[in-house]
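Below: one structure, written as structure tokens.
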Amino acid sequence: MAQFSLPEPQPDPLLQLIAQYRADTRSDKIDLGVGVYRDKHGNTPVMEAVKTAESNLHGQQQSKSYLGLTGDLEFVETLGNLILPNSSATVLGAQTPGGSGALRLAAELYHTAHPNGTLWVGLPTWPNHLPLTESTGLKTATYAYFDQATQRVQFDSMLQAVQSAKAGDAILLHGCCHNPTGADLSLDQWLTLATTIANRNIIPIIDIAYHGLGKGLDQDLAATRLIVESCEQTLIAASCSKNFGMYRDRTGAVYMAAHDSKTAQRAQAMFGLIARKIYSMPPDHGAAVVRLVLQDSVLKNLWLDELSTMVQRVNSLRAEMANQSPHLNFVATQFGMFSLLPLTPAQVDALINTHSIYLAGDGRINVAGCQPEQISRFVDALNEVGYQGTEK
Ligand code: LMR
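If you want the working numbering, it's the 1-based position in the sequence shown plus 1160.
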């Protein structure tokens, strides 16, 4: 009989941390692992605006029949207007299963249009960026984005990568709240980058997964808006997982923002056709809920208030960490949920095993996972494992 032989599955390290944390019975455990927001009780609550929209949807929905390959286009348009209001580009897209679905469609579309193109990715990056984009058959090249020891963005290396890229290559950009470093470009650097990318005919693919959780919604979207205005064509992968707290509902959208409308129209149709070959159509619920929130001014304002409470909490935790340890000063200068501590794998293991403090293997912490009263234990544990902070 033919054997059905499979290689030993290698679990995703970030998602494995969730299971490891859950199985830990120590009562003082701290979860700084996977990137989900936590409130002051350590919960990841359903936002009030979302709850209200869900109950409205429950009352209103007349049918669950198919919507089509690009999903809920009213949601796509409404979210598109939030991300790129008054854009001079034509912005068309498709609803996707989360930001990952959007990234996959963006990578597939790019690969179809530029079969010999290379996608440039700055390291470190979200660990799934390379597997997800390379699974389309796309070639990738990497450059150094960030130096962990000094906690500085290596902007020169980024510009050099853009200079050495061929016309028609693509570059994957984190629109804000860089994952895993929390270190974004300054507005001046974004301006330089936008001009260089545009001049060299490089296609930006922007991943926006944490907008609203850094400096506030508009500031977090400023770089994306700037790139779209500067470049002929920009692909955007947008997630509602974090800023709407819709993680498991898999809510996102992919956009082509193009300065010729025909390209945007073709891209939109292609997104649907690509989706057809992978999952056919996206799940409806999350997108319908986000649409109801964004189309109702009362719910939208409630959501914006809730989002601003979240960002205030994250930024006050950042300030408190820096306050309690000079070795964490840089944490207060970074944005979004993550910072990348210069820790060795052995130090990360000791934090998890000896101190029940969970963080990603590369030293990434999810700041939102900490409670203010846990910061001193975190700082003590860092000292105990020999954490030295950054180079002076
Ligand atoms: C993270 O980076 O922790 C999140 O984006 C969750 C994930 O899917 O990896």
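A virtual CB, placed ideally from N, CA and C, is assigned to each residue, including glycine.
Backbone secondary structure at residue i - three-state DSSP
i	result
Ala1191	First, the amino acid is wrong: residue 1191 is Asp here, not Ala. Note: Asp1191 maps to strand in three-state DSSP.
Leu1332	strand
Phe1495	coil
Met1416	strand
Ala1369	coil
Tyr1407	helix
Phe1242	Before going further, note that residue 1242 is Leu rather than Phe in the sequence given. Helix.
Ser1295	coil
Val1545	coil
Ile1434	helix
Gly1253	strand
Trp1286	coil
Ala1520	coil
Gln1484	helix
Val1313	strand
Ala1424	helix
Ala1398	strand
Asp1184	coil
Pro1364	strand
Tyr1197	coil
Leu1377	helix
Val1210	helix
Asp1465	helix
Phe1538	helix
Ala1553	Because residue 1553 is not part of the residues shown, which for the chain are 1161 to 1552, the question remains open.
Asn1203	coil
Asn1526	strand
Ala1531	The question names Ala, but residue 1531 in the sequence shown is Gln. Three-state DSSP puts Gln1531 in coil, outside helix and strand.
Thr1278	strand
Leu1227	coil
Same chain only: Cβ atoms within 7 Å of residue i, ignoring 5 sequence neighbours per side
i	result
Val1474	Leu1373, Met1497, Val1527, Ala1528
Asn1216	Leu1452
Val1196	Thr1204, Tyr1407
Phe1431	Thr1230, Gly1253, Ala1254, Leu1265, Leu1269, Val1414
Ala1213	Val1449, Leu1452, Val1453, Leu1459
Phe1538	Ile1190, Ile1517, Cys1530
Ile1512	Tyr1518
Thr1238	Arg1451, Leu1454, Gln1455
Residues of its chain near residue i, where Cβ-Cβ distance is below 8 Å and the 5 sequence neighbours each way are ignored
i	result
Pro1553	Lying outside 1161 to 1552, the shown extent of the chain, residue 1553 is not represented and no answer is given.
Lys1224	Asp1444
Val1322	Trp1280, Ile1331, Leu1353, Thr1356, Ile1357, Arg1360, Ile1362
Trp1350	Ala1382, Ala1383, Leu1386, Ile1387
Ile1535	Leu1477, Glu1480, Met1481, Gln1484
His1613	Coverage of the chain is limited to positions 1161 through 1552, which leaves residue 1613 absent and any answer about it impossible.
Residue i and residue j closer than 8 Å at C-beta
i	j	result
Pro1173	Gly1521	yes
Val1388	Ser1247	yes
Ala1292	Arg1264	Going by the sequence as given, residue 1292 is Leu instead of Ala. Yes, the pair counts as a contact, with Cβ atoms nearer than the cut-off.
Tyr1370	Lys1402	yes
Tyr1518	Tyr1181	yes
Gly1405	Val1471	no
Leu1192	Cys1400	no
Pro1171	Pro1442	no
Thr1278	Ala1327	no
Gly1261	Gly1412	yes
Ala1206	Leu1175	Ala is not the amino acid found at residue 1206; the sequence shown has Val there. Contact flag unset, no.
Gln1308	Leu1500	yes
Same chain, Cβ closer than 6 Å to residue i, neighbours up to 5 away in sequence not counted
i	result
Gln1494	Gly1342, Ala1343
Leu1488	Met1481, Ala1482
Gly1549	His1487
Ala1382	none
Ile1434	Leu1265, Glu1268
>> Which residues end up in the neighbourhood of the ligand LMR when you take C-beta atoms closer than 5 Å to any of its heavy atoms?
In response: Leu1174, Val1194, Gly1195
> So, do the segment 1267-1284 and the segment 1317-1325 have three or more beta carbon pairs nearer to each other than 8 Å?
Replying inline: yes
> Are the segment 1249-1257 and the segment 1230-1237 touching, with three or more C-beta to C-beta distances below 8 Å?
Replying inline: yes
>> Would the segment 1390-1397 count as touching the segment 1361-1369 if we require 3 or more Cβ pairs under 8 Å?
In response: yes
> At a cut of 8 Å, does the segment 1538-1547 reach the segment 1507-1515 through at least three beta carbon pairs?
Replying inline: yes
> When the Cβ atoms of the segment 1287-1303 are set against those of the segment 1451-1469, are three or more pairs found closer than 8 Å?
Replying inline: no
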